[in-house]
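Quick notes on the structure that follows.
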Amino acid sequence: MYGPELVDQVKKNGFIWHAENWKHNNEFHHHHKAQLVFVESGYQYLHTTNNQFLLPQHHAAWIPSNLPHKTTAASESVSLRTLYFNTDGMPSFYDDLYLFSVPAVLREMIMYTEKWSLNMEYRQSEQTFLLAILEELPSFIQESLPLITPVPKSANLLAVTAFIHQAYGAPISIEDLAAKGFVSMRTLERQFKKETGISLAKYIQMVRIIKSLELLSEGQLNIGEIAFRVGYSSAQSYSNVFTKLLGKRPSEYFESPIK
């Protein structure tokens, strides 16, 4: 099993690491190389020193150079595609943390890099391809649909969010969630807002929209079918929430040349 220290030992500007059923150590670490981590399937929690974020399927995180972080598994099977880059001398854009939905073009480019996974030798074709991804990353992020979902720290609230991720397709009441968290409804709402900065209702909305993005990207269901699949009673109510959160309608997401 390779450890995170390997990343900086590789004497190349770019390095690729694809892993099925990803298992990472549960300790904070950092490396000089910046990191683009794409969740192909499953979902993970990304932890930084002061925050926790949900990183769902078909989303990615750009983790800048030397930022202490760790990832923990939120599902039994997680498939990660990770690219590492030397960003010395790059613009300040690359110094910040980003979480974003991955456009189809970038997703295909990341998947293509599997042929070089854990390759220790220098290959010009590999480095040229990685440089193209790195230089286009600002455009990919700006064209994506940003949806950052914070994660609570308390064990009872983690149980509540786990339930939401399982039951998002059905009606969810605050009363049911309070029972999962072993607190009153009022306490639950106050505690959740304090730890995440958003309300429970907003969190449920965000989870449902994230799940709908996965279905939209697959292109197999129409908007009405997706609305019912993620817990909305009508396509109109789903579309209204989608537009409020993301600034564009689901139909516009379908029509975009980069999904």
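Numbering-wise (the numbering used here), the sequence shown opens with residue 892 and increments by one.
For glycine and all other residues, C-beta sits at the position ideal for the given N, C-alpha and C.
All values derive from a computational prediction rather than experimental measurement.
- Beta-carbon to beta-carbon, alanine 1118 and serine 1108 are separated by about 16 Å, too far to satisfy the 8 Å threshold.
- Counting along the chain, valine 928 sits inside the beta strand (DSSP E) bounded by residues 925-932.
- Residue state for histidine 950 is assigned as strand, using DSSP reduced to three classes.
- Taking 7 Å as the cut-off, the beta carbon of proline 947 is found no closer than this to the beta carbon of phenylalanine 919.
- Counted as a single uninterrupted DSSP element, the stretch harbouring glutamine 1111 is not any beta strand (DSSP E), since DSSP gives it neither H nor E.
- Taking C-beta separations shorter than 6 Å and ignoring five residues to either side along the sequence, the partners of leucine 974 in its chain run Ile907, Leu927, following chain order.
- DSSP places isoleucine 1063 outside both helix and strand once states are collapsed to three, so it counts as coil.
- Setting aside the 5 residues that flank it on each side, isoleucine 1089 is surrounded in the same chain by Pro1041, each with a C-beta closer than 7 Å to its C-beta; the list follows chain order.
- In this structure, leucine 1021 lies away from glycine 933, with their beta-carbon atoms at least 7 Å apart.
- For tyrosine 985, the three-state secondary structure derived from DSSP is helix.
- A straight-line Cα-Cα distance of about 35 Å links methionine 1000 and serine 1128.
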